[in-house]
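**Student:** Chains as they are written, first to last, in the numbering used here: chain A, 4 to 689; chain B, 26 to 165. Even glycine gets a Cβ: it sits at the ideal position worked out from N, Cα and C. As the structure is a prediction and not an experimental result, all values here were calculated from the model.
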């Protein structure tokens with residue numbers, strides 16, 4: 004019953020979105036409006052909601068006649084994981100993709116009708132086209148509502164590795180990001196079609212970009228955290244094609260956010276911003292393609308999966324639309340300002356965009372090498388070391404550009420600037436030295452060799468310089484204005500400090516220490532400065548699980564106790580292979596990390612690890628998300644920035660606040676609307 | 026651009042940067058990439074030209090071939106496909122999804138005298154992404 008309802012709802016959604024696309028295109032070509040087209044967006048959303056709800060209900064009622072339900076759950080599975088099974092499989096996750104896209108489109112159209120009415124219809128048409136595309140994918144390629152002739156008695160259950168908290172949040176947040184980037188692309192294209200690139204339009208684009216970027220960040224960081232505690236996934240980041248697929252749109256999305264700042268405030272880099280927004284969306288589609296079709300890992304050469312042609316088709320459509328729009332609106336996209344100097348805040352924004360784009364190209368090349376290399380040789384691939392080496396220069400350059408941009412933003416001159424540079428440089432040296440000499444006794448990973456001896460302190464040094472500059476900036480701004488920076492500005496600072504923290508965590512992975520040992524109860528082993536004592540095994544039977552063997556380890560450094568770790572082995576069913584659950588005691592300095600690898604009677608084998616600074620990766624990730632959230636909060640003052648496009652620059656020269664550098668539109672203003680500086684006291688530069 | 030000096034700087038800077046990146050990519054691809062064999066039989070065919078470097082070989086863990094010593098953590102198993110098989114040696118804790126019959130990519134170096142691939146890394150695919158590969162309906 005539910006399956007029939009779901010199938011019907013999907014068919015309805017397909018018809019509604021297709022009708023909306025046709026009606027909208029007709030209206031666009033005739034330069035009229037079509038209420039039918041925009042209302043179809045909402046109808047599509049309603050139908051997709053019913054379809055997604057139908058699959059969810061089929062899962063919750065354990066309707067095993069539906070193939071998808073039988074393949075992904077069983078009757079012993081706790082309810083939260085039954086819900087998570089909605090995105091546990093291919094067709095369910097594509098349905099979720101479609102539902103999210105329909106939901107975002109509906110919300111975006113509803114908002115746009117008030118803020119940018121002219122751009123609404125073209126944006127709605129594009130979003131409906133993409134929705135329609137995904138519905139056809141769900142219906143024709145991977146039908147989530149396919150049924151058996153008879154109802155099987157029991158389902159197959161969810162892979163034990165997926166029964167974690169991360170499974171509940173990592174896939175959906177990633178989809179939020181992937182899907183979210185469709186909206187700014189549609190709005191930008193809509194604005195270009197309507198020939199109106201005004202402040203309201205850029206506000207919407209900014210909001211959606213920040214939203215998608217923030218959720219994508221959550222998804223990526225949660226994925227890294229999951230890989231960190233799950234064995235066999237190669238630490239927090241293994242440069243797996245699927246991981247890279249999420250990193251690529253994140254890199255271009257970050258570039259887009261920076262480029263859009265210059266576009267909004269200075270009328271610069273308009274074409275670049277548009278290309279970056281379009282590229283980010285295309286890379287989201289590419290990422291979905293990579294994870295869903297398996298072209299990299301596939302045994303067979305290209306072109307086995309029908310999904311491949313669907314997705315490549317969508318990427319080609321995106322590229323064609325982008326190129327056509329740029330050609331048709333060349334005048335509108337013309338830059339209004341030029342870079343004044345190589346040593347300006349603007350130049351650092353441009354530098355950031357260039358570095359991120361080049362890094363994207365390099366990671367893309369490395370990810371696709373197994374496909375590309377067949378053009379001239381055998382199938383080749385980059386390993387983790389190659390990826391680490393090639394991305395290293397970009398990490399350092401990016402941090403450098405970031406620190407430089409933050410420094411120039413303060414517009415310090417003379418002695419003050421020198422003092423800041425000197426103290427930041429000192430902070431970098433001291434930071435690098437402290438970290439290096441604290442953890443240096445660690446053995447160097449044999450495969451990584453000499454590179455890892457010098458890369459981590461270098462990264463930490465540059466990161467510490469950048470971090471010191473940002474912190475000094477916050478203090479300086481607060482002192483000068485006698486109040487804390489605005490929430491938005493603070494958000495940006497927090498994000499950049501988060502980047503510093505993340506690089507600290509990444510660099511820390513160069514100092515990992517590991518020992519393997521077999522112990523009888525009462526015996527101890529040493530790792531780093533810690534003495535680890537094995538206190539014996541406990542056998543328990545938690546609910547829903549057949550058997551669990553827990554090892555008790557206690558850590559001490561001779562003076563102080565560091566508590567207990569309980570790595571365990573879980574047997575989900577009587578005949579299943581044991582699943583290792585690691586024991587972790589997180590710390591700001593380092594994580595104590597233990598794996599129970601085997602046991603025999605009372606004797607147990609362990610792998611003990613010290614993971615320095617890894618906690619900073621998660622802290623930095625959280626700062627990125629919180630900062631983006633603060634920066635995305637709508638500000639009433641923002642509404643007062645009139646569109647610089649509306650008045651020609653000759654009639655009213657753009658003036659910028661001498662303190663914060665923001666655009667000040669009304670000529671008579673006495674205080675900067677952004678930072679509150681008294682403008683009359685400063686000479687205004689033009 | 027109306028500022029010829031500036032545009033010249035941009036062009037020169039752009040060319041230099043592009044060349045650096047191209048050199049980085051070329052070096053990484055030519056010197057630091059591994060051969061990736063989609064199947065054990067492909068690897069066996071290329072054994073004559075094996076240069077001693079690290080390779081990645083994909084195959085299936087032959088059921089019944091896994092010998093794992095719990096105390097030393099030495100593991101020996103046979104990686105196979107329809108036509109050929111390859112003995113693999115690995116020391117360390119087995120990843121959670123290591124099971125006979127499952128699909129696996131092994132990274133390591135081949136020892137011709139012992140005729141064994143000494144693995145440094147056993148790689149599985151993220152199950153949340155690749156679950157359809159278990160031979161479900163609706164996938165490739």
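Kindly provide the ranges of any alpha helix (DSSP H) runs that are 4 or more residues long and lie completely inside the stretch 327-365 of chain A, ordered along the chain.
**Tutor:** With a minimum length of 4 residues, no continuous alpha helix (DSSP H) run stays inside the stretch 327-365 of chain A.
**Student:** Can you tell me whether DSSP reads residue 175(A) as helix, strand or coil?
**Tutor:** Sequence index remark: in the first chain, residue 175(A) carries index 172 (1-based). The answer is helix: DSSP assigns residue 175(A) an H, G or I state.
**Student:** Less than 8 angstroms between the CB atoms is what I'm expecting for residue 67(A) and residue 94(A), so what's the real figure, rounded?
**Tutor:** Mapped onto the first chain, residue 67(A) falls at position 64. Mapped onto the first chain, residue 94(A) falls at position 91. At roughly 16 angstroms, the Cβ-Cβ gap does not stay under 8 angstroms, so residue 67(A) and residue 94(A) are not in contact.
**Student:** Using the C-alpha atoms, what's the distance from residue 425(A) back to residue 372(A)?
**Tutor:** By 1-based counting over the first chain, the position of residue 372(A) is 369. By 1-based counting over the first chain, the position of residue 425(A) is 422. C-alpha separation (whole angstroms): 43 angstroms.
**Student:** Can the beta-carbon of residue 583(A) be found less than 9 angstroms from the beta-carbon of residue 519(A)?
**Tutor:** Walking along the first chain from the start, residue 583(A) turns up at place 580. Walking along the first chain from the start, residue 519(A) turns up at place 516. For residue 583(A) and residue 519(A), no; Cβs fall outside 9 angstroms.
**Student:** For residue 149(A), I'd like the list of residues in its chain whose CB is within less than 6 angstroms of its CB, leaving aside the five on either flank, ordered along the chain.
**Tutor:** The residue labelled residue 149(A) in the question sits at position 146 within the first chain. Closer than 6 angstroms at Cβ, skipping near neighbours: 70.
**Student:** Below 8 angstroms between beta carbons is the criterion; list the residues of the stretch 43-73 of chain B that meet it against any residue of chain A, in chain order.
**Tutor:** So the close ones are 46, 49, 50, 53, 54, 57, 58, 59, 60, 61, 62, 63, 64 and 71.
**Student:** Taking 7 angstroms as the limit between beta carbons, can you name the residues of its chain near residue 21(A), skipping five residues before and five after?
**Tutor:** Looking up residue 21(A) in the first chain gives position 18. Excluding sequence neighbours, residue 21(A) sits near 135.
**Student:** Which same chain residues, not among the five before or five after residue 410(A), have their C-beta less than 6 angstroms away from its C-beta?
**Tutor:** On the first chain, position 407 is the one that residue 410(A) refers to. Within the same chain, residue 410(A) has close Cβ partners 472.
**Student:** Answer yes or no: does any C-beta atom of chain B fall closer than 9 angstroms to that of residue 83(A)?
**Tutor:** In the first chain, the residue the question calls residue 83(A) occupies position 80. Not an interface residue.
**Student:** Inspect the beta-carbon positions of residue 386(A) and residue 512(A) and report whether they are closer than 9 angstroms.
**Tutor:** Translated into positions along the first chain, residue 386(A) becomes position 383. Translated into positions along the first chain, residue 512(A) becomes position 509. Not in contact: residue 386(A) and residue 512(A) (Cβ atoms no closer than 9 angstroms).
**Student:** Check the DSSP bridge columns for residue 692(A) and list the partner residues they point to.
**Tutor:** Here chain A covers residues 4 to 689 and nothing more, so residue 692(A) does not appear.
**Student:** Check the Cβ-Cβ distances between residue 111(B) and every residue of chain A, and say whether any is below 9 angstroms.
**Tutor:** Within the second chain, the letter at position 86 stands for residue 111(B). Taking Cβ atoms only, chain A never reaches closer than 9 angstroms to residue 111(B), which makes this a no.
**Student:** Got a sec? Which residues, its chain only, sit under 6 angstroms from residue 359(A) by beta carbon, not counting five neighbours each side?
**Tutor:** To locate residue 359(A), count along the first chain from 1; it is residue 356. Excluding positions up to five away in sequence, the list reads 254, 257 and 258.
**Student:** Thinking just about the alpha-carbon of each residue, which of 190(A), 587(A) and 573(A) is nearest to the one in residue 581(A)?
**Tutor:** Along the first chain, read from residue 1 onward, the residue named residue 581(A) stands at position 578. It is 573(A) whose Cα lies nearest to the Cα of residue 581(A).
**Student:** Report the partner residues of residue 572(A) according to the DSSP bridge assignment.
**Tutor:** On the first chain, residue 572(A) is found 569 positions in, with the first residue counted as 1. Beta-bridge pairing links residue 572(A) to 552(A) and 583(A).
**Student:** Sorted by chain position, which residues of the same chain lie with C-beta nearer than 6 angstroms to residue 469(A)'s C-beta, five sequence neighbours on each side aside?
**Tutor:** By one-based count along the first chain, residue 469(A) stands at place 466. Contacts found: 402, 405, 406 and 503.
**Student:** Could you give the distance in angstroms between the alpha-carbon of residue 173(A) and the alpha-carbon of residue 164(A)?
**Tutor:** One-based indexing of the first chain puts residue 173(A) at position 170. One-based indexing of the first chain puts residue 164(A) at position 161. Rounded to the nearest angstrom, the two C-alpha atoms are 13 angstroms apart.
**Student:** State the Cα-Cα distance for the pair residue 184(A) and residue 176(A), rounded to the nearest angstrom.
**Tutor:** Mapped onto the first chain, residue 184(A) falls at position 181. Mapped onto the first chain, residue 176(A) falls at position 173. Each residue's Cα considered, the two are about 13 angstroms apart.
**Student:** In chain order, what residues of the same chain lie with their CB nearer than 6 angstroms to the CB of residue 133(B), ignoring the 5 residues before and after it?
**Tutor:** Here the question's residue 133(B) lines up with position 108 in the second chain. Excluding positions up to five away in sequence, the list reads 142, 143, 144 and 145.
**Student:** Classify residue 143(A) as helix, strand or coil using the three-state DSSP reduction.
**Tutor:** Locating residue 143(A) in the first chain gives position 140, where the first residue counts as 1. Helix, per DSSP.
**Student:** Going along chain A, which residues have a C-beta under 8 angstroms from residue 98(B)?
**Tutor:** Within the second chain, residue 98(B) is the residue found at index 73, counting from 1. Those within 8 angstroms of residue 98(B) in chain A are 519, 600, 601 and 608.
**Student:** Using a Cβ-Cβ cut-off of 9 angstroms, state whether residue 118(B) counts as contacting chain A.
**Tutor:** Taking the second chain and counting its residues from 1, the one referred to as residue 118(B) is at position 93. Yes, contact with chain A.
**Student:** Would you kindly work out how many angstroms separate the C-alpha atoms of residue 137(A) and residue 159(A), rounded to a whole number?
**Tutor:** Here residue 137(A) corresponds to residue number 134 of the first chain, with the count starting at 1. Here residue 159(A) corresponds to residue number 156 of the first chain, with the count starting at 1. If you take the alpha carbons of residue 137(A) and residue 159(A), they lie about 27 angstroms apart.
**Student:** Using a Cβ-Cβ cutoff of 7 angstroms, what residues of the stretch 358-381 of chain A are near chain B? List them in chain order.
**Tutor:** Residues 361, 365, 368, 372, 373 and 381.
**Student:** Compare the Cα-Cα distances from residue 196(A) to each of 325(A), 210(A) and 506(A) and report the closest residue.
**Tutor:** In the first chain, counting from the first residue as 1, residue 196(A) sits at position 193. Taking only the C-alpha atoms, the option nearest residue 196(A) is 325(A).
**Student:** Between residue 40(A) and residue 624(A), what straight-line distance do the alpha-carbon atoms span, to the nearest angstrom?
**Tutor:** Your numbering for residue 40(A) matches position 37 in the first chain. Your numbering for residue 624(A) matches position 621 in the first chain. Computed Cα separation, rounded: 40 angstroms.
**Student:** Taking the C-alpha atoms as reference points, what is the distance between residue 382(A) and residue 60(B)?
**Tutor:** Here residue 382(A) is taken as the residue at index 379 of the first chain, counted from 1. Here residue 60(B) is taken as the residue at index 35 of the second chain, counted from 1. Looking at the two C-alpha atoms, the distance is approximately 6 angstroms.
**Student:** Check the Cβ-Cβ distances between residue 164(A) and every residue of chain B, and say whether any is below 9 angstroms.
**Tutor:** Position 161 of the first chain, counting from 1, holds the residue named residue 164(A). For residue 164(A), the answer is yes, since a Cβ of chain B falls inside 9 angstroms of its Cβ.
**Student:** Is there a Cβ from chain B that is less than 9 angstroms from the Cβ of residue 385(A)?
**Tutor:** Working through the first chain from its first residue, we reach residue 385(A) at position 382. Judged by the 9 angstroms Cβ criterion, residue 385(A) is in contact with chain B.
**Student:** Pull up the CB-CB distance for residue 476(A) and residue 413(A), whole angstroms please, since I reckon it's below 8 angstroms.
**Tutor:** As a position in the first chain, residue 476(A) is number 473, starting the count at 1. As a position in the first chain, residue 413(A) is number 410, starting the count at 1. Confirmed, about 5 angstroms.
**Student:** Using a Cβ-Cβ cut-off of 9 angstroms, state whether residue 136(A) counts as contacting chain B.
**Tutor:** Counted from its first residue, the first chain places residue 136(A) at position 133. No - not a single Cβ of chain B is within 9 angstroms of the one on residue 136(A).
**Student:** For residue 542(A), does the count of other Cβ atoms within 10 angstroms reach 16, so buried, or fall short, so exposed?
**Tutor:** Counting from 1 along the first chain, the entry for residue 542(A) is found at position 539. By the neighbour-count rule (16 or more Cβ atoms within 10 Å), residue 542(A) is not buried but exposed.
**Student:** Below 8 angstroms, can you find three or more Cβ-Cβ pairs linking the stretch 76-85 of chain B to the stretch 102-116 of chain B?
**Tutor:** Counting Cβ pairs under 8 angstroms, three or more are found: they touch.
**Student:** Anything in chain B within Cβ reach of residue 580(A), meaning under 7 angstroms, just list it in chain order.
**Tutor:** Taking the first chain and counting its residues from 1, one reaches residue 580(A) at position 577. Residues of chain B passing the Cβ test: 124.
**Student:** Between residue 524(A) and chain B, is the shortest Cβ-Cβ distance under 9 angstroms, so that the two count as touching?
**Tutor:** What you label residue 524(A) is simply residue 521 of the first chain in a count that begins at 1. Judged by the 9 angstroms Cβ criterion, residue 524(A) is not in contact with chain B.
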